[in-house]
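Everything on this sheet refers to the single structure shown next.
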Amino acid sequence: MPHDHSHDDRNAYYLNQLFTIAVCGALGGVTVMLWYSDKLRFLVVERFWLPTLIGGITLLALVLIRAIAVWRSVDESLHAGHTHDHDHDHCDHSHEQCDHDHAHDHVHVHDHPHGHSHGSGADHGHEHGWAPWRYVVLLVPVVLYFLNLPNEGFSAAYGDRLKDVQLDVTGLRQDKGDSPAFDIGFAELQQASVSPEQRDFYEGKVVSLIGKYSDVSDKRFTLVRFKMACCARDAVPLNAVIMVDPKSDQNVDRDKYRDKWVEVRGQVHFFPKPGSSEYITALILYATKDKPIDKFVAILPRPPTNEFLN
Amino acid sequence: MDNADAIRTVENFLLAFTSILYEALPYIILGAVIAGILEELLPQRFITRFLPRSRTLSILIGALLGLVFPMCECGIIPVMRRLLRKGLPLSCCVAYLLAGPIINVIVLLSTFVAFSGMKNVPDAAGVSYQMGSWWMTGMRAGLGFVVSVVTAHIVEWQYRKHGTRLLKPLAIPSELPSLEEKENGREEKRSAWQRLSNISDTALHDFIDITVFLILGALLAAVTGMLLNEKQLAELSSSHAALSIGLMMLLAIVLCLCSEADAFVAASFSTVRPAAKLAFLVLGPMLDLKLYMMYTRVFRPRLIYTIFLSVIVQVFVLTYITHILWEQYAPLLFAPPAAASQSSSTAP
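Right, here's the structure in full:
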């Protein structure tokens, strides 16, 4: 096979190797740092954290081996007292097929610069061409890491599926005013809306829920939480409508709560979703002048340890 | 949209993009390392010695290989490319590529868990009978197997017609020394360091080659994901079966979910008909935007379109048949004796 070991090819090869080492090293380092800085919790569920760390370390190990190999190949190339500055065009076949001497010694099997696909015994299926655009693409996650992005979960508005849903509030009645809050999680309450027995059981119970505030109106907002199966991309938004008792003269201070993590304590009510067989979970706040809204809605000083529910 | 909303939209997009990337990354690295080891240590045409002579039988084995070597749809690509170079028939590789991300213990188990406790849903016609965990897991594995085997046979036919012109140069079987040549001592002896160096070279090369396209695919998936409201799309599809199946297939292509996670997303579409969820679960691991980008590093466009067309047509037809049969027989088989219209009966 005719191939040219010119200086340009050699330079392209080394440039390619150096960029491979640098970019893969950066990606490996960023992956490890994401684990170290606990930012993986925004991206993937806990069972993926260890594989991600091991992946990052493996990448760094590969980079280290490659860096030493490239370093040694330069060294060996110099000590062998030859360069590959010659053209094989005289011989249109692979080295193995030659029955004559090429008058030089390949001191190593593979650690040498070839600016081409080998097609001979040392073919590792590589394209050694210089394609800088690929490194630009690969640097995107590295740049994002140094920009500290992403640094939190999805915004509440992104997961608010109930913003425009009209609810029929006739027939609302306060059953059990100040009973202690019933211990139930966001996901469990959401699940309860599916079953008639569970709806009957929880109807009128006072519960406390933590979620992100998504603004709707003076009398209503949505509490949003995301349930992740593997990664943030597959996270399913869980919504609960929070509604001030229509008879109350109290209003939600929208600017105060906007996009904040809040804990809401209210009475559970399940509304049939218009045009659907589903039910919507709502917490009703029976606010009065003596017991204003901020007694029911408390801003959390910091987001929960894990924003996502698993 | 004010500035704050715009910033939040960008942040949401970046979160979706990076989560796709970092979920797949460890498996791409694993795939690249395995690819490096295969390239360096596995003698050429070694695997073909153990394959049955019958191509159909070897395709069937390829489709079930995921039970022994579980790999996700991203990690499988660098491994498959190296197996192709080592002489494994293209049709067997395609069978493994398509069925492997579905027919493996992890994915089957996650499907089972996601659909356990699935409730039947009342609708205008009475009750929409949902598939429970056994049915959905079995149907997913069964349809995944059928689609992959049929597609592999089509690919085999194409390969006989067009040969290696269907493959990118890096996937074409190389002229490395065969096992016999190695045994005869014709292959050069390499030191452990040289082997390690070659493994790292191949692994990093494959890692970069595939990750570039994973990143581009993840960007594309994140953009389309931001433009779509999957819940609305799912609700839109709840009335007409064919539309429902088509839309859920479209959703599978644009969402680019991992096969381990997609069952949980499908299960969350509580009102969508079971056949449409099945279409989502069978098609997703075989075809999505990021996989398309990664396939371009192995296959020529002719082969990519052949695979995609075969997979799309089969998934649509098979799930539509499933829908007809399910709607007809599920009420007979699973209706509660007293109250067939009871809204919350647990799915079979």
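These protein sequences, in sequence, are chains F and U.
Letter by letter, the first sequence follows residues 1 to 310 of the working numbering.
Letter by letter, the second sequence follows residues 1 to 348 of the working numbering.
We treat Cβ as the ideally placed atom computed from N, Cα and C, and that holds for glycine.
Nothing here was measured: the structure is a model prediction, and the numbers come from that model.
Counting C-beta neighbours from all protein chains within 10 Å, is the total for R134 (chain F) 16 or more, i.e. buried, or is it exposed?
The residue you call residue 134 (chain F) lines up with position 134 of the first sequence. R134 (chain F) is buried by the Cβ-count criterion.
May I ask you to report which of helix, strand or coil DSSP gives K212 (chain F)?
In the first sequence, residue 212 (chain F) corresponds to position 212, counting from 1. Three-state result, K212 (chain F): strand.
Ordered list of beta strand (DSSP E) runs contained in the region 185–270 of chain F, each at least 3 residues:
Listed in chain order, they are 206–215, 220–227 and 236–244.
Would C24 (chain F) and R66 (chain F) qualify as a contact pair, given that the criterion is a beta-carbon distance under 9 Å?
By one-based count along the first sequence, residue 24 (chain F) stands at place 24. By one-based count along the first sequence, residue 66 (chain F) stands at place 66. With contacts defined as CB atoms closer than 9 Å, C24 (chain F) and R66 (chain F) qualify as a contacting pair.
Contact set for F19 (chain F): own chain, Cβ-Cβ below 6 Å, skip 5 residues either direction:
Here residue 19 (chain F) is taken as the residue at index 19 of the first sequence, counted from 1. Here the set comprises Y135.
Indicate the three-state DSSP secondary structure (helix, strand or coil) for F308 (chain F) in the structure shown.
Position 308 of the first sequence, counted from the start, is the residue given in the question as residue 308 (chain F). Note: F308 (chain F) maps to strand in three-state DSSP.
Report the CB separation of D183 (chain F) from Y213 (chain F) in whole angstroms; it is logged as a contact under 8 Å.
Indexing the first sequence from 1 puts residue 183 (chain F) at position 183. Indexing the first sequence from 1 puts residue 213 (chain F) at position 213. Not a contact, Cβ separation roughly 22 Å.
Taking C-beta pairs closer than 8 Å, name the residues in chain U that A157 (chain F) reaches, listed in chain order.
As a first step, residue 157 (chain F) must be located in the first sequence, where it is residue number 157. Neighbours of A157 (chain F) on chain U, chain order: D5 and R8.
In angstroms, rounded to a whole number, what distance separates the CA positions of S208 (chain F) and W261 (chain F)?
Indexing the first sequence from 1 puts residue 208 (chain F) at position 208. Indexing the first sequence from 1 puts residue 261 (chain F) at position 261. Pairing S208 (chain F) with W261 (chain F), the inter-Cα distance amounts to about 13 Å.
Taking the straight line between their C-alpha atoms, what separation do you get for L14 (chain U) and D294 (chain F)?
Working through the second sequence from its first residue, we reach residue 14 (chain U) at position 14. Working through the first sequence from its first residue, we reach residue 294 (chain F) at position 294. Looking at the two C-alpha atoms, the distance is approximately 34 Å.
Which residues of the region 250–266 of chain U have a Cβ closer than 9 Å to any Cβ of chain F? Give them in chain order.
Of all residues in the region 250–266 of chain U, L255, C256, L257, C258, E260, A261, D262, A263, F264 and V265 have a Cβ within less than 9 Å of some Cβ in chain F.
From the DSSP output, in three-state form, read off T296 (chain U) for me.
Here residue 296 (chain U) is taken as the residue at index 296 of the second sequence, counted from 1. In the structure shown, T296 (chain U) sits in coil (DSSP, three-state: anything other than H, G, I, E or B).
Residue burial classification, S259 (chain U) (beta-carbon count within 10 angstroms, cutoff 16):
Here residue 259 (chain U) refers to the residue found at position 259 of the second sequence. Burial is judged here by how many other beta carbons sit within 10 angstroms of a residue's own beta carbon; S259 (chain U) has at least 16 and is buried.
Please confirm if the region 269–283 of chain U is in contact with the region 193–201 of chain U, defined as three or more CB-CB distances below 8 Å between the two stretches.
Output reads no: the region 193–201 of chain U does not touch the region 269–283 of chain U.
With 7 Å as the C-beta to C-beta threshold (strictly closer), list the residues of the region 131–145 of chain F near chain U in chain order.
Under the 7 Å Cβ criterion, the region 131–145 of chain F contributes R134, V137, L138, V140, P141 and L144.
Measuring only the C-alpha atoms, how far is W193 (chain U) from L143 (chain U)?
Position 193 of the second sequence, counting from 1, holds the residue named residue 193 (chain U). Position 143 of the second sequence, counting from 1, holds the residue named residue 143 (chain U). Annotation: W193 (chain U) to L143 (chain U) spans about 46 Å, alpha carbon to alpha carbon.
Proximal residues of chain U, C-beta to C-beta of V224 (chain F) below 7 Å:
Taking the first sequence and counting its residues from 1, the one referred to as residue 224 (chain F) is at position 224. By Cβ distance, chain U contributes nothing, its closest Cβ being about 12 Å from V224 (chain F), past 7 Å.
Under 9 Å between C-beta atoms, does D38 (chain F) make it to chain C?
Among the protein chains in the structure shown, which are F and U, there is no chain C.
Can you tell me where the alpha helix (DSSP H) holding L172 (chain F) begins and where it ends?
Position 172 of the first sequence holds residue 172 (chain F). Looking at the DSSP string, L172 (chain F) is not in any alpha helix (DSSP H), and its letter there is neither H nor E.
Provide the residue(s) that pair with I324 (chain U) in DSSP beta bridges, ordered along the chain.
The count along the second sequence starts at 1 and reaches residue 324 (chain U) at position 324. Looking at the DSSP assignment, I324 (chain U) forms no beta bridge with any residue, so it has no partner.
Relative to the C-alpha of F280 (chain U), which residue among U:T111, U:T224, U:A330 and U:F334 is closest?
Here residue 280 (chain U) is taken as the residue at index 280 of the second sequence, counted from 1. Checking every option, the nearest Cα to that of F280 (chain U) belongs to U:T111.
Would you be able to state if there are at least three C-beta pairs under 8 Å between the region 299–306 of chain U and the region 14–33 of chain U?
Result no; under three Cβ-Cβ pairs closer than 8 Å.
Compare the beta carbon distance of A357 (chain U) and L88 (chain U) with 9 Å and say whether it is the shorter of the two.
Lying outside 1 to 348, the shown extent of chain U, residue 357 (chain U) is not represented and no answer is given.
If we ignore side chains and look at the alpha-carbon of each, how far apart do D160 (chain F) and D288 (chain U) end up?
Numbered from 1 along the first sequence, position 160 holds the residue referred to as residue 160 (chain F). Numbered from 1 along the second sequence, position 288 holds the residue referred to as residue 288 (chain U). For the pair D160 (chain F) and D288 (chain U), the Cα-to-Cα distance works out to about 26 Å.
Thinking C-beta only, is V282 (chain U) closer than 9 Å to R53 (chain U)?
By one-based count along the second sequence, residue 53 (chain U) stands at place 53. By one-based count along the second sequence, residue 282 (chain U) stands at place 282. The Cβ atoms of R53 (chain U) and V282 (chain U) lie no closer than 9 Å to each other.
Determine the burial state of W35 (chain F): buried for a count of at least 16 other Cβ atoms within 10 Å of its Cβ, exposed for fewer.
In the first sequence, residue 35 (chain F) corresponds to position 35, counting from 1. The residue is buried, with at least 16 neighbouring Cβ atoms inside 10 Å.
Whose Cβ in chain F lies nearer than 9 Å to the Cβ of I304 (chain U)?
On the second sequence, residue 304 (chain U) is found 304 positions in, with the first residue counted as 1. Proximity of chain F to I304 (chain U) at the Cβ level (cut-off 9 Å) is not reached, the minimal Cβ distance being about 19 Å.
Contact list for the region 207–229 of chain U against chain F, Cβ threshold 9 Å:
For the region 207–229 of chain U, residues whose beta-carbon sits nearer than 9 Å to a beta-carbon of chain F comprise F207, I208, D209, T211, V212, F213, I215, L216, A218, L219, A221, A222, G225, M226 and N229.
For a contact meaning CB atoms closer than 9 Å, what does I102 (chain U) contact in chain F?
Start at 1 with the first residue of the second sequence, and residue 102 (chain U) comes out as number 102. Near I102 (chain U) there are no residues of chain F at all, since even the closest Cβ is about 16 Å away, more than 9 Å.
Excluding five sequence neighbours on each side, which residues of the same chain lie with their C-beta closer than 6 Å to the C-beta of L220 (chain U)?
One-based indexing of the second sequence puts residue 220 (chain U) at position 220. The residues are L289.
Residues near V79 (chain U) in its chain [Cβ-Cβ closer than 6 Å; skip 5 each side]
For the purposes of this step, residue 79 (chain U) is identified with residue 79 of the second sequence, where counting begins at 1. So the qualifying residues of the chain are G31, I34 and A35.
T56 (chain U) lies in the alpha helix (DSSP H); which residues open and close that run?
Within the second sequence, the letter at position 56 stands for residue 56 (chain U). Per DSSP, T56 (chain U) is one residue of the alpha helix (DSSP H) stretching across R55 to L64.
Within chain F, the residues that A16 (chain U) reaches when beta carbons sit closer than 7 Å
As a first step, residue 16 (chain U) is located in the second sequence; it is residue number 16 there, counting from the start. Per Cβ cutoff of 7 Å: A232 and R233.
What does the alpha-carbon distance come out to for the pair L108 (chain U) and L65 (chain U)?
For the purposes of this step, residue 108 (chain U) is identified with residue 108 of the second sequence, where counting begins at 1. For the purposes of this step, residue 65 (chain U) is identified with residue 65 of the second sequence, where counting begins at 1. Distance between the alpha carbons of L108 (chain U) and L65 (chain U): 14 Å.
Where DSSP assigns a beta bridge to L285 (chain F), which residues make up the other side?
Your numbering for residue 285 (chain F) matches position 285 in the first sequence. L285 (chain F) is bridged to F:V244.
Using a Cβ cut-off of 7 Å, which residues of the region 48–75 of chain U contact any Cβ in chain F, in chain order?
Residues of the region 48–75 of chain U that bring their beta carbon within less than 7 Å of a beta carbon in chain F are absent altogether.
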